[in-house]
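K.L.:
Chains as they are written, first to last, in our numbering: chain A, 1 to 118; chain B, 1 to 120. Note that CB positions come from ideal geometry on N, CA and C, so glycine has one too. Pasting in a structure now, in structure tokens, and then I'll have a few things to ask.
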């Protein structure tokens, strides 16, 4: 079983719809959560990041983290055709050592392919 | 500020050959990480370099290696290519390496466009 699970879709929605993208994880050491967007033939682009449970909003995007359920979501409001891309969740494990906190490598979900049609 | 650049963008090689890919990080970034992306396995961490030293390594065979130069530019080498090595190879840069002790703040990774490697 993968440490991070993400439904690959594909997901097809009409323009203006609210999109919900989700990931689950199995290890509670994951404490730093990110969403990346990847257009075809491009590298992933960081959209949002958060450390805390709850919601974080940035324009039309809202990242939600529920650490008790080990579940994260990305909501896109008023979706546009330009939002058509693959969305990847990613997370890093937190390590507490003498001298401070550190975060490990990025572990990615499989990515969800989103198409917003006019 | 210029982003992460990778060369070449596309490459076709035959089984058994070797290949070298190059990555130039964002100016001021000293950590470079390499990832392999395939439809079946998704994005997987290969290794990370910081200050010309490999700091972290993923679960890939020894055919995959890398190095970093004093100007933070990095190269990745794959020897004895196999068909399964066909993938998009992504480089990401950040200001600090992973597993760096911080007071709770850490730096994000920024990705380049990738090198599409096809092995025939």
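Taking the C-alpha atoms as reference points, what is the distance between residue 54 of chain A and residue 17 of chain B?
P.N.:
Taking the first residue of the first chain as position 1, residue 54 of chain A is located at position 54. Taking the first residue of the second chain as position 1, residue 17 of chain B is located at position 17. So the alpha carbons of these two residues sit roughly 50 angstroms apart.
K.L.:
Straight-line CA distance for residue 9 of chain B to residue 47 of chain B?
P.N.:
Within the second chain, the letter at position 9 stands for residue 9 of chain B. Within the second chain, the letter at position 47 stands for residue 47 of chain B. So the alpha carbons of these two residues sit roughly 20 angstroms apart.
K.L.:
Is it the case that the Cβ atoms of residue 79 of chain B and residue 32 of chain B are separated by a distance below 7 angstroms?
P.N.:
Translated into the one-based positions of the second chain, residue 79 of chain B becomes position 79. Translated into the one-based positions of the second chain, residue 32 of chain B becomes position 32. No; because the gap between Cβ atoms is not below 7 angstroms, this pair is not in contact.
K.L.:
Check whether the Cβ atoms of residue 119 of chain A and residue 3 of chain A sit closer than 7 angstroms, and answer yes or no.
P.N.:
The requested residue 119 of chain A is not part of the displayed model; chain A covers only 1 to 118.
K.L.:
State the CB to CB distance for the pair residue 63 of chain A and residue 35 of chain A, rounded to an integer number of angstroms; the pair is presumed to be in contact (CB under 8 angstroms).
P.N.:
Stepping through the first chain from its first residue, residue 63 of chain A is reached at position 63. Stepping through the first chain from its first residue, residue 35 of chain A is reached at position 35. Contact flag correct, Cβ pair sits at about 6 angstroms.
K.L.:
So within the stretch 2-75 of chain A, which uninterrupted beta strand (DSSP E) runs reach at least 3 residues, ignoring any that extend past its ends?
P.N.:
4-6, 11-14, 19-25, 30-38, 45-50, 54-58 and 61-66
K.L.:
Is there a Cβ of chain B sitting closer than 7 angstroms to that of residue 46 of chain A, yes or no?
P.N.:
Start at 1 with the first residue of the first chain, and residue 46 of chain A comes out as number 46. Yes, contact with chain B.
K.L.:
Tell me whether residue 40 of chain B sits in a helix, a strand or coil according to DSSP, three-state version.
P.N.:
Locating residue 40 of chain B in the second chain gives position 40, counting from the first residue. Reduced to three states, the DSSP call for residue 40 of chain B is coil.
K.L.:
Could you have a look at residue 117 of chain A and say whether DSSP puts it in helix, strand or coil?
P.N.:
Residue 117 of chain A sits at position 117 when you count from the first residue of the first chain. Residue 117 of chain A: strand per DSSP, three-state reduction.
K.L.:
Counting along the chain, where does the beta strand (DSSP E) carrying residue 75 of chain B start and finish?
P.N.:
Stepping through the second chain from its first residue, residue 75 of chain B is reached at position 75. Counting along the chain, the beta strand (DSSP E) containing residue 75 of chain B begins and ends at 74-78.
K.L.:
Would the stretch 69-77 of chain A count as touching the stretch 56-76 of chain B if we require 3 or more Cβ pairs under 8 angstroms?
P.N.:
no
K.L.:
For residue 32 of chain B, write down the residues that DSSP places opposite it in a beta bridge.
P.N.:
As a working note, residue 32 of chain B is residue 32 in the second chain. Looking at the DSSP assignment, residue 32 of chain B forms a beta bridge with B:49 and B:93.
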